[in-house]
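Trainee:
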Amino acid sequence: MKQNNVMQTDEGQRALEDILNVACQIDDPNEMRSLFEDLFTEAEISDFVLRWLLMDDLKRGKSQRDIAKSRNISLCKITRGSQMLKKKNGFMRSLLSERYDDHLHL
8 MKQNNVMQTD EGQRALEDIL NVACQIDDPN EMRSLFEDLF TEAEISDFVL RWLLMDDLKR
68 GKSQRDIAKS RNISLCKITR GSQMLKKKNG FMRSLLSERY DDHLHL
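First residue of the sequence shown? That's 8 in our numbering, and the numbers climb one at a time after it.
(1) Name the two residues that bound the continuous alpha helix (DSSP H) containing asparagine 37.
(2) Below 7 Å between beta carbons: does that hold for leucine 60 and glycine 88?
(3) How many Å lie between asparagine 96 and phenylalanine 55 at the Cα?
(4) Starting from the N-terminal side, write out each stretch of the alpha helix (DSSP H) that is 4 residues or longer and does not extend beyond the region 37-107.
(5) Please list the terminal residues of the continuous alpha helix (DSSP H) segment that includes glutamine 114.
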């Protein structure tokens, strides 16, 4: 059975906006953790955390091959993360730059 991409529907877009609005109202890390634990499986959270670590590794200047080996992930996933950090006005680039550039001199 082929799964429909709910994000291509108006209903999916409205649901995403609702989720984002709920998340923006949460300012307590414990509540956000509870939301994540209710919405996502342990494997989904693990994938999410791994993506964050990958982006962090890239921003810190680790080579893609070193990341692939140490994190046991494909170069394809790492390349996607690298492309996200190369976007001139990309959110992750801006976020991680604010976090690291001052003391890492990136």
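Even glycine gets a Cβ: it sits at the ideal position worked out from N, Cα and C.
Mentor: Inspection of the coordinates gives the following:
(1) 36-46
(2) no
(3) 22 Å
(4) 49-66, 71-78, 82-93
(5) The structure shown does not extend to residue 114, since the chain is modelled only from 8 to 113, so the question has no answer here.
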